[in-house]
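Undergrad: Just so we're aligned: 229 in our numbering is position 217 of the sequence shown, and the numbers increase by one with no gaps anywhere.
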Amino acid sequence: MGPQVRMSGRGNSRQWLSNLMIIGGPILVCISLLLLFTLTPGPQPKAATTDSSCIISAEAKRSNLMETLKKIETSYFHILYPENIFVKSGATPEEIRQFFRPWDPTPASLKSKTDEANTLRAELIKLKINRTLLKLRERKAIYVAKQILLNNFGWAPFTKNYYTGDWMLGPDFFCWQPICDVFYNLNAVISAFKPRNVSDLRKLDHLFQQHNHTFDRYIDNLKLGVRTGFVRQIEACRAGIHDMHYLKYWNIFLYNESGKYSTPCHFEQRSVQRLVFLQ
Ligand SMILES: *[C@@H]1O[C@H](CO)[C@@H](O)[C@H](O)[C@H]1NC(C)=O
Ligand SMILES: *[C@@H]1O[C@H](CO)[C@@H](O)[C@H](O)[C@H]1NC(C)=O
Ligand SMILES: *[C@@H]1O[C@H](CO)[C@@H](O)[C@H](O)[C@H]1NC(C)=O
Ligand SMILES: *[C@@H]1O[C@H](CO)[C@@H](O)[C@H](O)[C@H]1NC(C)=O
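Okay, here's the thing in structure tokens:
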């Protein structure tokens, strides 16, 4: 009897325990989950909204620095170097269709670009800015913008300054001249020009004509160089032609009009341009 009673007593307590487990278990889980959710800190507000380093400083606004940098950016992409429009931050296909055109080696165009770069640089230098009040990023932007404007709107100062006359020289050992990037640029935007109707098709035809003009005019520039005695040494000329043929326009050199363009290499220059414009 005694053991049985004890047994039943033990059985009762076991049942009580299992009841407690069945009923209390889920409750316990719920409570701990609730505690977990209420006590852990919620998702942090987005870094972008709290990170003050990207907010324009009062001094940059007051001194018109931001406006001037914006103007330089717009001038660069829309007017002077529309062949690079695709690296502009947030450029839409519409914007690309509206502004893109291949590099224009016409002497008058080279001259106006050089003059515009000089004007913008003078404008930037003229700003009355207390630099100690600027953010580090803004201070850097001033120096970089000045430098690329001095190089006539390019990180690589090749063929960019009209007054140096090197736009008559043809490509160099590394093929760093804009003529070497013409198809690279077209390759980057061609999907934005997918035609949907006849007028789109005409636009595309016009684009190809502009490319024809680019190469035609470039050859005329070389001829002008020859006429005026502004030429590279024969070794440098050979190296430049070699690069055009085998490095930049390989398939086109081999197969003429049926040659397919393939991207030769990447251009560090583009990422630098992004840096400059605070993107
Ligand atoms: C620039 O700002 C700093 C900090 O407010 C100030 O000490 C300094 O006098 C200012 N410099 C000029 C030239 O206004
Ligand atoms: C042709 O299609 C483009 C979009 O690709 C559109 O913007 C344009 O208005 C169209 N033109 C005509 C004449 O339908
Ligand atoms: C390219 O332009 C030249 C003259 O500017 C012209 O003679 C030639 O026919 C053009 N080529 C094509 C394929 O349109
Ligand atoms: C490409 O054009 C050049 C110059 O007209 C010619 O000499 C060459 O044979 C052509 N190559 C091919 C593959 O058609």
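Even glycine gets a Cβ: it sits at the ideal position worked out from N, Cα and C.
1. Would the beta-carbon of Y88 be found less than 7 Å away from any heavy atom of ligand 4?
2. Exposed or buried, what is G252 when buried is set at 16 or more other beta-carbons lying within 10 Å of its beta-carbon?
3. Measure the beta-carbon distance from I84 to L132 and round it to whole angstroms, keeping in mind my assumption that it falls under 8 Å.
4. From the DSSP output, in three-state form, read off C187 for me.
5. Give me the Cα-Cα distance between S270 and W262, rounded to the nearest whole angstrom.
6. Say the cut is 7 Å; is the CB of N268 nearer than that to a heavy atom of ligand 4?
7. Less than 8 Å between the C-beta atoms of L198 and P207, yes or no?
8. Leaving out five residues before and five after L139 in sequence, what residues of the same chain have Cβ atoms less than 7 Å from its Cβ?
9. CB P119 to CB Q222, shorter than 8 Å?
10. Pick helix, strand or coil for W262, following the three-state DSSP scheme.
11. Could you tell me whether any non-hydrogen atom of ligand 5 is closer than 7 Å to the CB of N209?
12. Mind checking which residues open and close the alpha helix (DSSP H) that includes G252?
13. Once you ignore the five residues that flank I108 on each side, which residues in its own chain have a CB closer than 7 Å to its CB?
14. Would you say the beta carbon of T118 is closer than 7 Å to some non-hydrogen atom of ligand 1?
15. Using DSSP with H/G/I as helix, E/B as strand and the rest coil, what is T118?
16. In angstroms, rounded to a whole number, what distance separates the CA positions of E128 and I264?
17. I need the DSSP call for I154, collapsed to helix, strand or coil.
18. Using a Cβ-Cβ cut-off of 7 Å (strictly less than) and excluding sequence neighbours within five positions of K100, which residues of its own chain qualify?
19. What is the residue span of the alpha helix (DSSP H) that G102 lies within?
20. Among residues of its own chain, excluding the 5 on either side of P94, which ones have a beta-carbon nearer than 8 Å to its beta-carbon?
21. Just to check, is the beta-carbon of L11 closer than 7 Å to a non-hydrogen atom of ligand 1?
22. Please state if the CB of S69 and the CB of E150 are separated by a distance shorter than 8 Å.
23. Just how far apart, CA to CA, sit H218 and Y273?
24. Would a C-beta distance cut-off of 8 Å place G182 and L146 closer than the cut-off?
TA: Quick answer:
1. If you check the C-beta of Y88 against ligand 4, you find no heavy atom less than 7 Å away.
2. buried
3. Separation of the CB atoms of I84 and L132 is rounded to 5 Å, and the pair is thereby assigned contact status at 8 Å.
4. coil
5. 12 Å
6. yes
7. no
8. S75, N76, L77 and T80
9. Contact flag unset, no.
10. Helix, per DSSP.
11. Of the ligands this structure carries, namely ligand 1, ligand 2, ligand 3 and ligand 4, none is ligand 5.
12. Here the alpha helix (DSSP H) through G252 covers I246 to D255.
13. I97, F98, V201 and A204
14. no
15. coil
16. Take the alpha-carbon of E128 and the one of I264: they are about 34 Å apart.
17. helix
18. F89
19. G102: not part of any alpha helix (DSSP H); DSSP gives it neither H nor E.
20. F111, F112 and R113
21. Since the displayed the chain opens at 13 and closes at 291, residue 11 lies outside it and no answer follows.
22. yes
23. 19 Å
24. no
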